[in-house]
Amino acid sequence: MAKDFSLMEDSNRSSNPSIHDVSDPSRRQVLRGGLGALASSFLAPLSAIGGAAALTGCASLGMSPAAKIGFKSVAISTADRITVPEGYMAHVIAAWGEPVGIAGQNNQFKEDASNTAAEQETQMGMHHDGIHFYALDGSKRGLLAMNHEYVDHGLLFKDGAANWSAEKVRKSQAAHGVSVIEVQEKGGKWEVVNPSKYARRITTNTRMALGGPVAGHAMVKTAADPEGKVVLGTLNNCASGITPWGTYLTSEENFINYFSGGDKLSEHERRWGLKKGGVGYRWHEHDARFDATQNPNEPNRFGWIVEIDPQNPNATPVKRTAMGRGAHEGATVAVTKDNRAVVYMGEDARFEYIYKFVSRDAIKPGGAAANTTLLDHGTLYVAKFNADGKGQWLALTHGQGPLTAANGFADQGEVLIKARQASDILGATKMDRPEWIDVDKQGWVYATLTNNSNRGGNKRPAVDAANPRANNTQGNIIRWKEDVDFHATTFAWNQFIMAGDPSADRADAKGNIKGDIFSCPDGLWVDGRGLMWIQTDMSTSNMGKGDLKNFGNNMMLAADVQTGETRRFLVGPVGSEVTGVTETPDGKTMFVNIQHPGETPSEQTNPANPRAISNWPDQKPTGRPRSATVVIRKLDGCIIGT
Ligand code: FEO
Ligand code: CA
Ligand code: CA
Ligand code: CA
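One gets this note's numbering by counting positions in the sequence shown from 1 and adding 127 to each.
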């Protein structure tokens, strides 16, 4: 039976009022604007923030609050290839199954997918997603840290999910997580350095620590970890973030799908979307950790933002629980004028929320070593978008307002583990699946709301000002500007772009795009020059049909944040999602991840015919489609996007 493995949850049954009911004119404030730039790289040991370094050569462009688009757009396409604009070249590195470069572990990819679990633990994972470049030697050599969101068992194994075994579960877990690889440019082409002292795989079995208020909490103690402080691994790692102190933030998105629930689900389990028997990963059949009937606290140990130091392969990753639990899409860091870290996070699930975390302490000079607990102390907030174009950040602080023991929150740890329930009771705004978030040079914070076909209609939350479309098949990009500074508790907001097709049958699906059309925005990143990049994720079950019939394959566009103009830069191969983008500090090399080329509507490939839809990138008669990183350069050697 077809299973939706990347199913986004829709388990918010709270009765928060629509924003028409809760808008509060007394909170109106004058927007001050002019917030100044995002974190500069002054605290980072390496150039952690892409574009912070001087852009040399082609220098007339420089840094600008309103970078202009300079390339000629590419057409919509349904081809099984990457399309980039005239004057650009692209090549592929680091596809699923290739060795990451760990010394003595040079296990090559076998195109019949017969690599073992142990080999997969040293190879690139599947379904590449969020990615960031950490410069080691200017813009010629560096590290790429990237997420591997989920897997397709029909591609991962020669015989798919048949003969299901502990070895198969182990390999599936090993294809999840994060890769750290060293890459370098040689003669205009980039390659993975093998061996490299930095090369690392982090999987669903890598030992990691719990940091922050949930560490040691009763709700995260298990038989295997009676102290509740050490968790094995991370999973469903979607968008990523970076810190000014040089670390990588990976988010655990639809974690609940990996767990199998029983006949009787608790209210807490239902609110987090646990299903009887799970949704098809079948890990629980050979790994009792994922059987929530045996280990009911194990799901509470997932859904966190995990901090990784990509420059230290021996450093233990830490789950930063002060930033709350959620089906986290990503974690984007901004810095206040007094050097506190503000982390924006969306929960990609229907009718869930947008959060921000404000650190208690200022970022210290000295890189990762000086900021090992910065993200363990601070205040978590959830967003309420009012109908008057203003908004509030509501604190998830135990003892404040309704967040008391009487309402089911014994302490701050329980507030964080039950962040959804806390947001429900605070009356936060239920959003249309928030995905990536980023900040432009003027201090506007943008969030993609990818789609929500469940909005409106019977028993579903109705439209509201921030989520104004019933049956939102196209998605939109909302933006807000904080009052005074990033730590503010009030903001002003508006819609940046309503995505859609002007020729759509439904008036509500037409959108207001200026320029090249797109649907279902997901990835969003503002580059060092100030140009916005938008990546789309139309689901393979809807692509090419209905409201999405005219969009072709998933794509990446550039947007001018001042005018809202969009221009299509890249189209991915058939059945792929374009997700994850980063650049070298000089802006001249871009890395873009292509996830699940050839995905079927069921998200599970028929192992007897793995090339049925796509054979990208190898195009070998005996191969199979593979997620991979695309390296993009301009033929004239100038800055990408110009
Ligand atoms: Fe993993 Fe919400 O995309
Ligand atoms: Ca995404
Ligand atoms: Ca998505
Ligand atoms: Ca996907």
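Ideal Cβ placement from N, Cα and C applies to all residues, glycine included.
A quick note: this is a predicted structure, and the numbers were derived from the prediction, not measured.
Original post:
If you run the structure through DSSP and keep just helix, strand and coil, what is N466?
Top reply: For the purposes of this step, residue 466 is taken as the residue at position 339 of the sequence shown. Three-state result, N466: coil.
Does the beta-carbon distance from G368 to L376 come in below 8 Å?
For the purposes of this step, residue 368 is taken as residue 241 along the sequence shown, with counting starting at 1. For the purposes of this step, residue 376 is taken as residue 249 along the sequence shown, with counting starting at 1. Result yes, Cβ atoms of G368 and L376 sit closer than 8 Å.
- Cβ distance (whole Å) where M848 is taken to contact A206 below 8 Å: Only positions 128 to 769 of the chain appear in this structure, which leaves residue 848 out of reach.
- [ ] Take V469 and list the residues in its own chain whose beta-carbon comes closer than 8 Å to its own, dropping the five residues that flank it on each side.
- [x] Along the sequence shown, read from residue 1 onward, the residue named residue 469 stands at position 342. Within the same chain, V469 has close Cβ partners V460, A461, V462, T463, K483, F484, V485, S486, F613, H614.
Run the CB neighbour count on R753, radius 10 Å, all protein chains shown included, and call it buried at 16 or more, exposed below.
-> By one-based count along the sequence shown, residue 753 stands at place 626. Classification of R753: buried, given that the 10 Å Cβ count is 16 or more.
Quiz item: Is the closest heavy atom of ligand 3 to the C-beta of D559 under 7 Å?
Solution: Counting from one through the sequence shown, the residue named residue 559 turns up at place 432. Distances between the C-beta of D559 and the heavy atoms of ligand 3 are all 7 Å or more.
- To which residues of the same chain is R428 closer than 6 Å at the C-beta, ignoring the five residues directly before and after it? In the sequence shown, counting from the first residue as 1, residue 428 sits at position 301. Excluding residues within five positions, the ones whose Cβ falls inside 6 Å are V347, V358.
#### Entry: Backbone secondary structure at M450 - three-state DSSP
The residue given as residue 450 occupies position 323 in the sequence shown. In this structure, M450 counts as helix in the three-state DSSP scheme.
If R452 sits next to R560, beta carbons under 8 Å apart, how far is it from one beta carbon to the other, in whole angstroms? Working through the sequence shown from its first residue, we reach residue 452 at position 325. Working through the sequence shown from its first residue, we reach residue 560 at position 433. At roughly 17 Å, the Cβ-Cβ gap does not stay under 8 Å, so R452 and R560 are not in contact.
query: Quick one: any contact between the segment 674–690 and the segment 733–752, if contact means 3 or more CB pairs under 8 Å?
result: Between the segment 674–690 and the segment 733–752 there are fewer than three C-beta pairs closer than 8 Å, too few to call the two in contact.
Checklist entry - Run through DSSP, which three-state label would M665 get? => result Here the question's residue 665 lines up with position 538 in the sequence shown. Coil at M665, not helix or strand.
### Task
Measure the C-alpha to C-alpha separation of G494 and R606 and round it to an integer number of angstroms.
Numbered from 1 along the sequence shown, position 367 holds the residue referred to as residue 494. Numbered from 1 along the sequence shown, position 479 holds the residue referred to as residue 606. Looking at the backbone, the Cα of G494 and that of R606 are separated by about 30 Å.
Sorry if obvious, but does the Cβ on N565 come closer than 7 Å to a heavy atom of ligand 1?
The residue given as residue 565 occupies position 438 in the sequence shown. First, the residue type needs correcting, since residue 565 is Asp and not Asn in the sequence shown. Relative to ligand 1, the beta carbon of D565 is positioned no closer than 7 Å to any heavy atom.
Can the beta-carbon of G714 be found less than 8 Å from the beta-carbon of G673? Here residue 714 refers to the residue found at position 587 of the sequence shown. Here residue 673 refers to the residue found at position 546 of the sequence shown. Against a cut-off of 8 Å, the Cβ pair of G673 and G714 comes out as no contact.
Q. Using the rule of at least 16 other Cβ atoms within 10 Å of the residue's Cβ for burial, across every protein chain shown, is A735 buried or exposed?
A. Position 608 of the sequence shown, counting from 1, holds the residue named residue 735. Classification of A735: exposed, given that the 10 Å Cβ count is below 16.
### Query
The beta strand (DSSP E) spanning E354 covers which residue range?
The sequence position of residue 354 within the sequence shown is 227, counting from 1. Here E354 belongs to no beta strand (DSSP E), and DSSP marks it neither H nor E.
message = What ranges does the beta strand (DSSP E) occupy inside the segment 645–731, keeping only unbroken runs of at least 3 residues that lie completely in it?
response = Unbroken beta strand (DSSP E) stretches of 3 residues or longer found wholly inside the segment 645–731: 648–653, 659–663, 682–686, 692–698, 704–710, 716–722, given in chain order.
Within a Cβ cutoff of 6 Å, which residues of the same chain sit near R760, ignoring the five residues on either side of it in sequence? Start at 1 with the first residue of the sequence shown, and residue 760 comes out as number 633. Closer than 6 Å at the Cβ level, and outside the excluded window around R760, lie M216, T716.
query = Smallest Cα separation from L337: which of A351, G355, G457, V320?
reply = The sequence position of residue 337 within the sequence shown is 210, counting from 1. Comparing alpha-carbon positions, the option among A351, G355, G457, V320 lying closest to L337 turns out to be G355.
Where does G512 fall in DSSP's three states?
For the purposes of this step, residue 512 is identified with residue 385 of the sequence shown, where counting begins at 1. Note that residue 512 is Phe in the sequence shown here, rather than Gly. Reduced to three states, the DSSP call for F512 is strand.
Quiz item: Among E692, E248, G430, V320, which residue has its Cα nearest to the Cα of A194?
Solution: Within the sequence shown, the letter at position 67 stands for residue 194. Looking at the Cα atoms, E692 is the closest of the given residues.
At a cut of 8 Å, does the segment 575–589 reach the segment 501–511 through at least three beta carbon pairs?
-> Touching, no, given that fewer than three Cβ pairs across the two stretches are closer than 8 Å.
Quiz item: Which one of E276, A593, G314, G764 has the shortest CA to CA distance from S306?
Solution: The count along the sequence shown starts at 1 and reaches residue 306 at position 179. Measuring from the Cα of S306, the nearest candidate turns out to be E276.
Please classify R334 as buried or exposed, where buried requires at least 16 neighbouring CB atoms within 10 angstroms.
Working through the sequence shown from its first residue, we reach residue 334 at position 207. Exposed, by the Cβ-count rule.
Give me the residue from A202, L523, T370, F645 with the minimum Cα distance to M450. As a first step, residue 450 must be located in the sequence shown, where it is residue number 323. Residue L523 is the option with its Cα nearest to M450.
Requested in this report: Pick helix, strand or coil for Y277, following the three-state DSSP scheme.
Outcome: Numbered from its first residue, the sequence shown carries residue 277 at position 150. In the structure shown, Y277 sits in coil (DSSP, three-state: anything other than H, G, I, E or B).
- Please go through the same chain and pick out, in chain order, the residues whose beta-carbon is closer than 7 Å to the beta-carbon of N603, but skip the five residues on each side of it. Position 476 of the sequence shown, counted from the start, is the residue given in the question as residue 603. Taken in chain order, the residues that qualify are L576, Q622, I624, M625, A626.
TODO: Please name the residue, chosen from K545, W410, H723, that lies closest to A532 on a Cα-to-Cα basis.
DONE: Position 405 of the sequence shown, counted from the start, is the residue given in the question as residue 532. The alpha carbon of A532 has as its nearest neighbour, out of K545, W410, H723, the alpha carbon of K545.
Other residues of its chain near M665: CB distance less than 7 Å, five sequence neighbours each side excluded
Residue mapping note: residue 665 aligns to position 538 of the sequence shown, counting from 1. Within the same chain, M665 has close Cβ partners S646, C647, L675, F678, N681.
Original post:
Enumerated in chain order, which unbroken segments of the beta strand (DSSP E) with a length of 3 residues or greater are wholly contained in the segment 228–308?
Top reply: With a minimum length of 3 residues, the continuous beta strand (DSSP E) runs that stay inside the segment 228–308 are 255–264, 268–275.
S630 burial status per 10 Å Cβ neighbour count (16 or more: buried): Taking the first residue of the sequence shown as position 1, residue 630 is located at position 503. Label assigned to S630: exposed.
Alpha-carbon to alpha-carbon, T616 and D551: To locate residue 551, count along the sequence shown from 1; it is residue 424. To locate residue 616, count along the sequence shown from 1; it is residue 489. Taking the straight line joining both Cα atoms gives about 18 Å.
Discussion item. Given this structure, state the Cα-to-Cα distance separating K295 from K267, to the nearest angstrom.
Written reply: The residue given as residue 295 occupies position 168 in the sequence shown. The residue given as residue 267 occupies position 140 in the sequence shown. The straight-line gap from Cα to Cα measures roughly 38 Å.
Practice prompt. Just the C-alpha distance for L553 and G339, rounded to the nearest angstrom, thanks.
Written response: In the sequence shown, counting from the first residue as 1, residue 553 sits at position 426. In the sequence shown, counting from the first residue as 1, residue 339 sits at position 212. Cα-Cα distance, rounded: 22 Å.
**Report entry** DSSP bridge partner residues for E479 (one or two, in chain order)
**Finding:** Counting from 1 along the sequence shown, the entry for residue 479 is found at position 352. Beta-bridge pairing links E479 to M558.
Taking only the alpha-carbon atoms, compute the straight-line gap between Y508 and A489 and give it to the nearest angstrom. For this step, residue 508 is matched to residue 381 along the sequence shown. For this step, residue 489 is matched to residue 362 along the sequence shown. For Y508 and A489, the distance between alpha carbons rounds to 18 Å.
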